[in-house]
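Asker:
Residue numbers (this note's numbering): 493 to 643.
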């Protein structure tokens, strides 16, 4: 899904006679879904990490991202106990499948899990945090957004 914007540009060049000439030019711009802002890797030699504030596990258990990971850049995710900071078993960075390429709706999955933990894990953990890790030697990777939804 893209947002479309109709634009107009006004030019004010000088004519041969030195007088100003006004000219309006129409244009068309498109923006990717949630593409108004993004998080990028600052230090190209190390991965960049984003951690959310603590939250309750949502009822919608599938995690999706809007991400751009060109030419070897990767994104992975980790779910951790907010109280201890330790990863929820099976949801660590090491368990996360790497996301590459350009996606406006990519589901984040782990080696043994395609969705977030169920109620049994939610009962054992009061709040969780979500961590994203972007790695990109070129500095072109962008995380635009993430959300929870049904599969």
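We treat Cβ as the ideally placed atom computed from N, Cα and C, and that holds for glycine.
Look at the alpha carbon of residue 638 and the alpha carbon of residue 510, and state the distance between them as a whole number of angstroms.
Answerer: Within the chain shown, numbered from 1, the residue matching residue 638 stands at position 146. Within the chain shown, numbered from 1, the residue matching residue 510 stands at position 18. If I take the Cα positions, the gap works out to 54 angstroms.
Asker: By how many angstroms is the C-alpha of residue 597 removed from the C-alpha of residue 573?
Answerer: Position 81 of the chain shown, counted from the start, is the residue given in the question as residue 573. Position 105 of the chain shown, counted from the start, is the residue given in the question as residue 597. Distance between the alpha carbons of residue 573 and residue 597 is about 26 angstroms.
Asker: Tell me the DSSP bridge mates of residue 530?
Answerer: If you number the chain shown from 1, residue 530 lands on position 38. Bridge partners of residue 530: none, in fact.
Asker: Leaving out five residues before and five after residue 604 in sequence, what residues of the same chain have Cβ atoms less than 8 angstroms from its Cβ?
Answerer: Position 112 of the chain shown, counted from the first residue, corresponds to residue 604. So the qualifying residues of the chain are 582 and 587.
Asker: Tell me which same chain residues have a C-beta within less than 6 angstroms of the C-beta of residue 617, skipping the five on either side of it?
Answerer: Sequence index remark: in the chain shown, residue 617 carries index 125 (1-based). Closer than 6 angstroms at the Cβ level, and outside the excluded window around residue 617, lie 573.
Asker: Cα separation between residue 622 and residue 562?
Answerer: By one-based count along the chain shown, residue 622 stands at place 130. By one-based count along the chain shown, residue 562 stands at place 70. Approximately 23 angstroms, taken between the alpha carbons.
Asker: Let me make sure I understand the geometry here. Which of 620, 566 and 577 has the alpha-carbon closest to that of residue 629?
Answerer: As a position in the chain shown, residue 629 is number 137, starting the count at 1. Ranking 620, 566 and 577 by Cα distance to residue 629 puts 566 first.
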